[in-house]
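A.B. asks: The structure follows.
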Amino acid sequence: MNRTLGVCYYPEHWPQDQWASDAARMVDTGLTWVRIGEFGWSRMEPTPGTFTWDWLDDAIDALGSAGLKIILGTPTATPPRWMLDKYPDMLAVDAQGHPRKFGSRRHYDFSHPGYRTECKRIVQAMGERYGSNPYIAAWQIDNEYDCHDTTLSYSDTARKGFQNWLAQKYQSPDALNRAWGNVFWSMEYDSFDLIDLPNLTVTEPNPAHVLAFRRYSSDQVVAFNKVQADALRHYTDAPLIHNYMGRITAFDHWQVGADLDIASWDSYPIGFLSDRLEGTPEEKQKFLRQGHPDMQAFHHDLYRAVGKGRLWVMEQQPGPVNWAPYNPAPLRGMARLWAWEAFAHGAETVCYFRWRQAPFAQEQMHAGLMRPDNQPAPALQEARQVADEIAALPDVNTGQAHAALIFDYESAWAWDTQPQGADFEMFRLAFATYRALRRAGLNIDILPPDAADLSNYKLVLAPGILKLSDPLRLALTNFKGTALLGPRTDTKTDELGIPVPMAPNLPDTDITIALTESLPPTETIPLQNGGQFRHWFEHLEGSAKTHLSTATGQPAIMGGSHIRYLAGWPDDPTFDQIIQDLCEERNLATQSLPDGLRIRETATHRFIFNYAPEPQDWHGTTIPPAGVHWEPLK
Ligand code: GAL
Numbered sequence: 003m004n005r006t007l008g009v010c011y012y013p014e015h016w017p018q019d020q021w022a023s024d025a026a027r028m029v030d031t032g033l034t035w036v037r038i039g040e041f042g043w044s045r046m047e048p049t050p051g052t053f054t055w056d057w058l059d060d061a062i063d064a065l066g067s068a069g070l071k072i073i074l075g076t077p078t079a080t081p082p083r084w085m086l087d088k089y090p091d092m093l094a095v096d097a098q099g100h101p102r103k104f105g106s107r108r109h110y111d112f113s114h115p116g117y118r119t120e121c122k123r124i125v126q127a128m129g130e131r132y133g134s135n136p137y138i139a140a141w142q143i144d145n146e147y148d149c150h151d152t153t154l155s156y157s158d159t160a161r162k163g164f165q166n167w168l169a170q171k172y173q174s175p176d177a178l179n180r181a182w183g184n185v186f187w188s189m190e191y192d193s194f195d196l197i198d199l200p201n202l203t204v205t206e207p208n209p210a211h212v213l214a215f216r217r218y219s220s221d222q223v224v225a226f227n228k229v230q231a232d233a234l235r236h237y238t239d240a241p242l243i244h245n246y247m248g249r250i251t252a253f254d255h256w257q258v259g260a261d262l263d264i265a266s267w268d269s270y271p272i273g274f275l276s277d278r279l280e281g282t283p284e285e286k287q288k289f290l291r292q293g294h295p296d297m298q299a300f301h302h303d304l305y306r307a308v309g310k311g312r313l314w315v316m317e318q319q320p321g322p323v324n325w326a327p328y329n330p331a332p333l334r335g336m337a338r339l340w341a342w343e344a345f346a347h348g349a350e351t352v353c354y355f356r357w358r359q360a361p362f363a364q365e366q367m368h369a370g371l372m373r374p375d376n377q378p379a380p381a382l383q384e385a386r387q388v389a390d391e392i393a394a395l396p397d398v399n400t401g402q403a404h405a406a407l408i409f410d411y412e413s414a415w416a417w418d419t420q421p422q423g424a425d426f427e428m429f430r431l432a433f434a435t436y437r438a439l440r441r442a443g444l445n446i447d448i449l450p451p452d453a454a455d456l457s458n459y460k461l462v463l464a465p466g467i468l469k470l471s472d473p474l475r476l477a478l479t480n481f482k483g484t485a486l487l488g489p490r491t492d493t494k495t496d497e498l499g500i501p502v503p504m505a506p507n508l509p510d511t512d513i514t515i516a517l518t519e520s521l522p523p524t525e526t527i528p529l530q531n532g533g534q535f536r537h538w539f540e541h542l543e544g545s546a547k548t549h550l551s552t553a554t555g556q557p558a559i560m561g562g563s564h565i566r567y568l569a570g571w572p573d574d575p576t577f578d579q580i581i582q583d584l585c586e587e588r589n590l591a592t593q594s595l596p597d598g599l600r601i602r603e604t605a606t607h608r609f610i611f612n613y614a615p616e617p618q619d620w621h622g623t624t625i626p627p628a629g630v631h632w633e634p635l636k
């Protein structure tokens with residue numbers, strides 16, 4: 003497959019007489035795709051029911067006739083002001099009970115039936131007009147679900163929807179009371195109408211109540227997306243895409259992805275490092291202008307799976323962003339490196355955000371490929387270079403991974419609800435595990451919690467999975483490699499209660515978690531191999547073999563030859579050692595990589611990326627900072 007580049011463009015932000023020259027310059031830069039439309043509702047339908055398509059027709063013509071393929075966005079992340087006159091109660095409400103008002107974007111409640119109908123209406127109108135337009139080669143639905151924390155809403159609409167959802171799920175208030183354990187603190191209900199949303203309670207609400215609300219809220223995102231996907235399918239065969247975000251777990255991406263054709267995501271490596279990642283001040287300083295060396299890779303692997311093998315980057319950071327606490331410029335070369343890292347992980351297309359920096363409104367300090375005065379910004383030349391390199395390079399098809407990581411959104415909600423220790427968070431644990439695999443130089447696949455086939459893998463890691471699904475349990479039973487589960491895997495019931503017999507209930511493996519402790523950052527559990535656990539430690543007992551012990555002789559890893567349980571959260575060097583030992587046992591080749599160097603193998607090539615701010619050596623080849631090197635696989 004030919005890899006391609008693209009860019010996000012807002013014709014409605016620029017005079018019409020500039021569109022053709024912008025398009026020509028995009029083509030000249032080597033770009034194939036242009037994404038438009040996703041915030042344009044107030045210009046498509048300035049008053050209810052009056053459509054003004056002329057400008058969009060002209061924009062599509064200008065871009066398409068220049069040779070660009072268009073990704074048309076549905077504008078439902080930005081309902082126009084008049085929508086509120088029609089549906090004053092469509093706004094989401096925060097946990098404190100305050101409406102999240104008009105004046106920015108994403109001011110809607112996913113569960114609002116009236117707003118869903120409006121979305122269907124605008125999408126049908128767009129489908130009718132552009133569904134068979136030859137220039138429209140893909141559709142993006144809405145924009146970044148959950149951006150600005152918009153999945154959870156505590157509105158009246160949400161409450162009514164939640165009550166109906168509970169009635170369907172539990173059938174009777176008695177069944178719900180039993181499932182949640184509402185006898186505790188006299189929380190029993192005798193009617194579904196009495197069940198409120200789990201906010202503004204005196205102290206913490208019942209965790210089962212919160213988890214139910216998280217599941218309900220995720221279902222609203224899935225249903226909201228499906229309304230648009232179903233509507234568009236009547237008008238077009240072009241692929242339907244959503245642009246997911248980094249480190250967002252508020253809704254089940256596996257389920258949204260099931261209704262779409264491609265998963266794309268928006269990659270802002272430098273913004274993420276400063277805004278969204280743990281790390282020591284030294285690490286943050288070291289990768290200040292490059293982003294964390296594993297953050298992009300993790301999401302490429304995750305969304306490649308969410309997209310059932312089809313991955314795009316819909317927005318790629320080109321220069322400083324405007325939204326992180328600090329917004330440094332990327333090291334020269336990073337806009338190129340990030341694109342190649344995406345391609346090496348299977349991305350078909352990488353689109354830079356955005357073509358020209360806007361001189362007005364919220365994102366005026368956000369760089370583009372062009373400056374507001376229409377002079378090139380530094381990333382333009384890097385995009386040009388990538389386009390030339392793609393043309394010269396043989397195809398980069400995804401390589402086979404032998405290591406897999408299971409990632410589950412429900413578990414993220416469960417541990418948000420009941421962290422038990424302030425540092426226990428699903429993404430953080432999964433990412434720590436992923437980073438260890440990647441530091442070992444492995445290709446990694448991320449799999450859903452109901453993965454039923456593990457036969458491609460020698461090593462499977464499943465940290466923090468609330469409860470093993472039946473398909474996964476069966477796949478583990480037949481697994482011929484080594485699966486390392488835990489910490490905190492298979493430790494809860496569906497209702498976030500404690501199972502009896504006690505956890506984990508692993509196939510053919512006699513292990514019981516007798517006691518669980520969480521640890522403040524000042525405390526560690528030293529291990530017999532010199533390593534240590536942090537944050538979390540489970541005291542294991544049972545007849546399974548101990549493979550690694552703590553310094554005081556308690557089990558740290560227990561299990562048989564195929565299924566093992568990890569009792570704590572290893573720090574990075576300890577994780578490296580554990581992965582090293584497991585790989586050696588299974589004859590899985592690892593690499594010892596200099597700091598900041600990362601690799602990813604495609605079907606034919608090994609790509610080496612230097613995220614370090616200084617040159618690094620790769621078997622005699624010096625790779626400069628922000629450098630990308632590729633070599634054929636032997
Ligand atoms: C994304 C969003 C874009 C733009 C961009 C700025 O989250 O999808 O519309 O806001 O961030 O970095």
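Positions 3 to 636 (the working numbering) are the ones given, in order, by the sequence shown. We put the beta carbon where it would ideally sit given N, CA and C, even for glycine. Just so you know, these numbers come straight off a predicted model, no measurement behind them.
Note down, in chain order, each residue of its chain lying with its Cβ closer than 6 Å to the Cβ of V323, except the 5 sequence neighbours on either side.
C.D. replies: Taken in chain order, the residues that qualify are Y270, G273, N329, H368.
A.B. asks: Does N658 come out as helix, strand or coil in the three-state DSSP assignment?
C.D. replies: This structure gives no information on residue 658, because the portion of the chain shown stretches from 3 to 636.
A.B. asks: Quick test of the definition: if touching needs 3 or more C-beta pairs under 8 Å, does the region 227-242 touch the region 117-126?
C.D. replies: Segments in contact, yes.
A.B. asks: Would you call Q556 buried or exposed, if buried means 16 or more other Cβ atoms sit within 10 Å of its Cβ?
C.D. replies: Q556 is buried by the Cβ-count criterion.
A.B. asks: For N208, does the count of other Cβ atoms within 10 angstroms reach 16, so buried, or fall short, so exposed?
C.D. replies: That one is buried.
A.B. asks: Using a Cβ-Cβ cut-off of 6 Å (strictly less than) and excluding sequence neighbours within five positions of M560, which residues of its own chain qualify?
C.D. replies: Within the same chain, M560 has close Cβ partners I513, L542, A546, T548, Y567.
A.B. asks: Would you kindly report the start and end of the unbroken alpha helix (DSSP H) that includes A389?
C.D. replies: Here the alpha helix (DSSP H) through A389 covers 380-394.
A.B. asks: To the nearest angstrom, how far is the alpha carbon of E412 from that of T159?
C.D. replies: Using only the alpha carbons, I get a separation of about 23 Å.
A.B. asks: In chain order, what are the residue ranges of uninterrupted alpha helix (DSSP H) at least 4 long that sit wholly in the region 285-354?
C.D. replies: Segments of the alpha helix (DSSP H) lying fully in the region 285-354: 297-308, 336-346.
A.B. asks: By how many angstroms is the C-alpha of W325 removed from the C-alpha of P115?
C.D. replies: About 32 Å.
A.B. asks: Roughly how many angstroms lie between the CA atoms of A424 and W342, to the nearest whole one?
C.D. replies: Roughly 36 Å separates the two Cα atoms.
A.B. asks: Counting C-beta neighbours from all protein chains within 10 Å, is the total for T6 16 or more, i.e. buried, or is it exposed?
C.D. replies: Buried, because 16 or more other Cβ atoms sit within 10 Å of the Cβ of T6.
A.B. asks: Does the Cβ of E586 have 16 or more other Cβ atoms within 10 Å, making it buried, or fewer, making it exposed?
C.D. replies: E586 should be labelled exposed.
A.B. asks: Residues bridged to P572 by DSSP?
C.D. replies: Bridge partners of P572: F535.
A.B. asks: Determine the extent of the beta strand (DSSP E) in which N480 is found, giving its start and end residues.
C.D. replies: That residue, N480, is in no beta strand (DSSP E); it is neither H nor E in DSSP.
A.B. asks: For Y218, report the span of its beta strand (DSSP E) as first-last.
C.D. replies: Where Y218 is concerned, there is no enclosing beta strand (DSSP E), although the alpha helix (DSSP H) it sits in stretches over 209-235.
A.B. asks: Mind checking which residues open and close the alpha helix (DSSP H) that includes G129?
C.D. replies: G129 -> alpha helix (DSSP H) spans 115-132.
A.B. asks: Judging by CA-CA distance, which residue of D24, F426, K286 is the nearest neighbour of F535?
C.D. replies: Minimum Cα distance to F535 is reached at F426.
A.B. asks: Let me confirm a value: F362 is counted as buried when at least 16 other C-beta atoms fall within 10 Å, else exposed. Which label applies?
C.D. replies: Under this definition F362 is an exposed residue.
A.B. asks: Out of curiosity, what's the CA-to-CA distance linking G466 and T518?
C.D. replies: If you take the alpha carbons of G466 and T518, they lie about 13 Å apart.
A.B. asks: Can you give me the Cβ contacts of S457 inside the same chain, cut-off strictly under 7 Å, excluding the 5 residues immediately before and after it?
C.D. replies: Here the set comprises nothing.
A.B. asks: Taking the alpha carbon of G562 as the point to measure from, which residue in K88, L279, T479 has its own alpha carbon closest?
C.D. replies: Comparing Cα-Cα distances from G562 to each of K88, L279, T479, the minimum goes to T479.
A.B. asks: So is H294 buried or exposed if we call it buried at 16+ other beta carbons inside 10 Å?
C.D. replies: Buried: at least 16 other Cβ atoms inside 10 Å.
A.B. asks: Below 6 Å CB to CB, which residues in the same chain sit around S266 once its five sequence neighbours on both sides are set aside?
C.D. replies: For S266, where only same-chain residues beyond five positions count, the Cβ hits under 6 Å are I243, N245, W314, M316.
A.B. asks: Opposite V630 in the DSSP bridges: which residues?
C.D. replies: F611.
A.B. asks: Contact check, D452 vs P473 under 8 Å by CB: the rounded distance?
C.D. replies: That belief holds up - the Cβ atoms of D452 and P473 are roughly 5 Å apart, short of 8 Å.
A.B. asks: Output the distance between the C-alpha atoms of F226 and P81, rounded to the nearest integer angstrom.
C.D. replies: Each residue's Cα considered, the two are about 14 Å apart.
A.B. asks: Contact between the region 62-79 and the region 131-142 is defined here as three or more beta-carbon pairs at a separation below 8 Å; is this criterion met?
C.D. replies: Yes, since at least three Cβ pairs between the region 62-79 and the region 131-142 fall closer than 8 Å, the two stretches touch.
A.B. asks: Quick test of your reading: E284 and R312, contact by CB under 8 Å. State the CB separation rounded to the nearest angstrom.
C.D. replies: Not a contact, Cβ separation roughly 38 Å.
A.B. asks: For the region 48-79, list the alpha helix (DSSP H) runs that are entirely contained and at least 4 residues long, ordered along the chain.
C.D. replies: Segments of the alpha helix (DSSP H) lying fully in the region 48-79: 56-67.
A.B. asks: Does DSSP put I581 in a helix, in a strand, or in coil?
C.D. replies: Three-state result, I581: helix.
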